[in-house]
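J.: First the structure, then my questions, so here it is.
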Amino acid sequence: MIEKAKMAMLLDFYGDVLTEKQREAMDMYYNNDFSLSEIAENTGISRQGVRDRLQKSEQIIVDLESKLRLYERYCAKKADVTRIVNLLEQIKRLAPAEISEIIEIANGLLDK
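Shown next as structure tokens:
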């Protein structure tokens, strides 16, 4: 089973492909930390029905991630950006004027 934090992120990426009822159950379970009983109470279905709905929704999301890899690519890009920021911080300590100029040039390119 995928850890809750990762599934919550996957839900952010792929939640729109789920039905409203699937998305609602997943949101309650992963984002609001509801128990199966609490979800059952709120949705009017049995605990087993909630579990089945969650499992089906999880499988849909996991299948999409295995094909599209949006979360995987997001994590890789986030790690790359973090590394860039750390390197820039190190360079800035050594040559603040030069790094300021590099940042200015980069911002100029972004504005174009």
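Just so you know, the working numbering puts 1096 at position 48 of the sequence shown, and the rest follows in order with no gaps. The beta carbon of each residue, even a glycine, is placed where N, CA and C say it ideally should be.
Hey, how far is the Cα of residue 1117 from the Cα of residue 1055?
T.: To locate residue 1117, count along the sequence shown from 1; it is residue 69. To locate residue 1055, count along the sequence shown from 1; it is residue 7. Approximately 13 Å, taken between the alpha carbons.
J.: Helix, strand or coil for residue 1075, going by three-state DSSP, please let me know.
T.: The count along the sequence shown starts at 1 and reaches residue 1075 at position 27. Note: residue 1075 maps to helix in three-state DSSP.
J.: Quick one: grab the DSSP three-state call for residue 1067.
T.: Your numbering for residue 1067 matches position 19 in the sequence shown. Three-state DSSP puts residue 1067 in coil, outside helix and strand.
J.: Is DSSP giving residue 1101 helix, strand or coil here?
T.: Position 53 of the sequence shown holds residue 1101. Residue 1101 falls in the helix class under three-state DSSP.
J.: Consult DSSP for residue 1114 and reduce its assignment to one of helix, strand or coil.
T.: For the purposes of this step, residue 1114 is identified with residue 66 of the sequence shown, where counting begins at 1. Of the three classes helix, strand and coil, the one that applies to residue 1114 here is helix, per DSSP.
J.: Leaving out the 5 sequence neighbours to the left and right, which residues in its chain are closer than 7 Å to residue 1057 when beta-carbon positions are compared?
T.: Translated into positions along the sequence shown, residue 1057 becomes position 9. So the list reads 1119, once near-sequence residues are dropped.
J.: Is the distance from the Cβ of residue 1074 to the Cβ of residue 1059 below 8 Å?
T.: As a working mapping, residue 1074 is identified with position 26 in the sequence shown. As a working mapping, residue 1059 is identified with position 11 in the sequence shown. For residue 1074 and residue 1059, yes; Cβs fall inside 8 Å.
J.: Just to confirm my understanding: we take residue 1105, look at its own chain, exclude 5 residues before and 5 after, and list those with CB closer than 8 Å. What are they?
T.: Numbered from 1 along the sequence shown, position 57 holds the residue referred to as residue 1105. These residues qualify, in order along the chain: 1066, 1070, 1071, 1073 and 1074.
J.: DSSP three-state label for residue 1156, please.
T.: What you label residue 1156 is simply residue 108 of the sequence shown in a count that begins at 1. Three-state result, residue 1156: helix.
J.: If we count the other Cβ atoms within 10 Å of its Cβ and call it buried at 16 or more, is residue 1131 buried or exposed?
T.: Taking the sequence shown and counting its residues from 1, the one referred to as residue 1131 is at position 83. When all chains shown are included, residue 1131 counts as exposed.
J.: For residue 1078 versus residue 1112, is the C-beta spacing smaller than 8 Å?
T.: Indexing the sequence shown from 1 puts residue 1078 at position 30. Indexing the sequence shown from 1 puts residue 1112 at position 64. Against a cut-off of 8 Å, the Cβ pair of residue 1112 and residue 1078 comes out as no contact.
J.: Beta-carbon separation of residue 1147 and residue 1110 under 8 Å?
T.: If you number the sequence shown from 1, residue 1147 lands on position 99. If you number the sequence shown from 1, residue 1110 lands on position 62. Not a contact, by the Cβ cut-off of 8 Å.
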